[in-house]
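Take a look at the structure below.
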Amino acid sequence: MAKATVSLSGRDILDLESLSVEEIELILQTAAEMKKIMKMDIKKAPYLRGKSIINLFYEPSTRTRTSFELAGKYLGADVVNVTTASSSVVKGECLRDTILTVQSMACDAIVMRHPIEGAAVYAADIATPVVINAGDGAHAHPSQGLLDMFTIRENGKDLKGMKMAIIGDILYSRVARTNIAAWTKMGADVHVAGPMTLMPHDIETLGVTVHKRVEDAIEGADVVDVLRIQLERQQKGLFPSPREYARIFGINENRLKLAKEDVIVLHSGPMNRGLEISWEVGYCDNAAIRIQVQNGVAVRMALLFLTLIGGKYIENID
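Under the numbering used here, residues 570 to 887 are what the sequence shown spells out, in order.
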């Protein structure tokens, strides 16, 4: 691998808007190297030996939290998981005190998920360790955006000039916002569709094409990114019923036929099968959903590797 001309050493990873194309390329290239470690019989590399990482999660998570934990451990770091249910947060401790407490334990990185937009930026402002945003409200989920790009690249597609369709709850989705920012930056043609009640009023200012019909967004698409419908929002009456949503906006086999034959289907999970995505599509050959999970570990290994030690040993990974 060629020597990098950019460095992420000591950088907080809060969103993808603040990363340059060169920095994104560095992360994706490094993730490819990290995936080699995942394929070894003994998945251990000493690159982060002596480093300590705290996963601080204020929201439930299976994929993101577990993959960050494995990412750190595969690279030799000590990883501690902290959830609000088992922390002093239940006793009323504020975010600032929690951040300063874990910082006092001499950790090197804080991976944080929080329900409030801007929480990761706030943590980065007051904390000395590297802060990696693992999702803050409906704002950003940078590692998800990176693993989606990595998955697309692995499938032989370049983002530049590709038609990308994002379907579903755009309004409340941090995945949608992150992928729109990243994909447009990388030169993709991004199309979105979903209920108008779940569409930000200023969505077109982000450089995307908005469709009222899912079929128009999917037609000729290289990638279809299906967003999870957050059923907790249903109480707000943002769409008539789950059955109606599935009928009008759900991605099924017939709708998927409108896309290119080699279309890649993405879903960040967990899937509401039979609602935003049919059982058949979720398991079809075009679905890269399980690969996304695997690639999530590789991308998160790359983020920890690049931010904590600057990737200075990259040439030795083989």
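Cβ coordinates follow ideal geometry from the N, Cα and C atoms, glycine included.
Predicted model, so just to flag it, every value in this text is computed and none were measured.
C-beta atoms of residue i and residue j nearer than 8 Å
| i | j | result |
| --- | --- | --- |
| I622 | N702 | no |
| V793 | I820 | yes |
| I685 | L875 | no |
| I798 | P769 | no |
| T631 | Q861 | no |
| G681 | A675 | Here residue 681 turns out to be Met, not Gly, going by the sequence shown. It is not a contact, given that the beta carbons lie outside the stated cut-off. |
| N730 | D758 | Reading the sequence as shown, one finds Gly at residue 730 and not Asn. Contact flag set, yes. |
| A815 | L796 | no |
| F784 | R824 | Reading the sequence as shown, one finds Glu at residue 784 and not Phe. Yes. |
| A750 | L639 | no |
| F818 | G763 | yes |
Contact belief for residue i with residue j at Cβ below 8 Å, rounded distance in angstroms
| i | j | result |
| --- | --- | --- |
| A790 | A734 | 4 Å |
| V779 | E788 | So it is not a contact: roughly 15 Å between Cβ atoms. |
| V744 | H760 | Actually they do not touch by this definition, with Cβ atoms about 16 Å apart. |
| A707 | S742 | 7 Å |
| T574 | E591 | 7 Å |
Per-residue DSSP class, three states only, for residue i
| i | result |
| --- | --- |
| K604 | helix |
| F626 | strand |
| V700 | strand |
| S587 | coil |
| R797 | coil |
| M733 | strand |
| N864 | helix |
| N885 | Its pLDDT being 49, under 50, N885 is placed unreliably in this model, and the coordinates cannot settle the point. |
| V761 | strand |
| A571 | Because A571 sits at a pLDDT of 48, beneath the cut-off of 50, its placement in the model cannot be relied upon, and the point is left open. |
| S657 | helix |
| D717 | helix |
| N650 | strand |
| T670 | helix |
| R580 | coil |
Which residues DSSP lists as bridging residue i, in chain order
| i | result |
| --- | --- |
| R682 | F626 |
| L835 | D794 |
| K856 | A quick correction: the sequence has Ala, not Lys, at residue 856. Beta-bridge pairing links A856 to V834. |
| S712 | The partner list for S712 (beta bridge, DSSP) is empty, contrary to what the question assumes. |
| V779 | V761 |
Determine, using beta-carbon pairs with one atom in the stretch 819-833 and one in the stretch 716-735, whether at least three such pairs fall under 8 Å. Here the stretch 819-833 makes contact with the stretch 716-735; the two share three or more CB pairs at distances below 8 Å.
Please determine if the stretch 856-867 and the stretch 702-717 are in contact, where contact requires at least 3 C-beta pairs separated by less than 8 Å. Contact check between the stretch 856-867 and the stretch 702-717: three or more CB pairs, one atom from each, fall below 8 Å, which counts as touching.
Whether or not the stretch 633-652 and the stretch 611-618 are in contact is what I'm after, with contact meaning three or more pairs of Cβ atoms, one per stretch, closer than 8 Å; do they touch? Taking 8 Å as the limit for Cβ pairs, the verdict is that the stretch 633-652 does touch the stretch 611-618.
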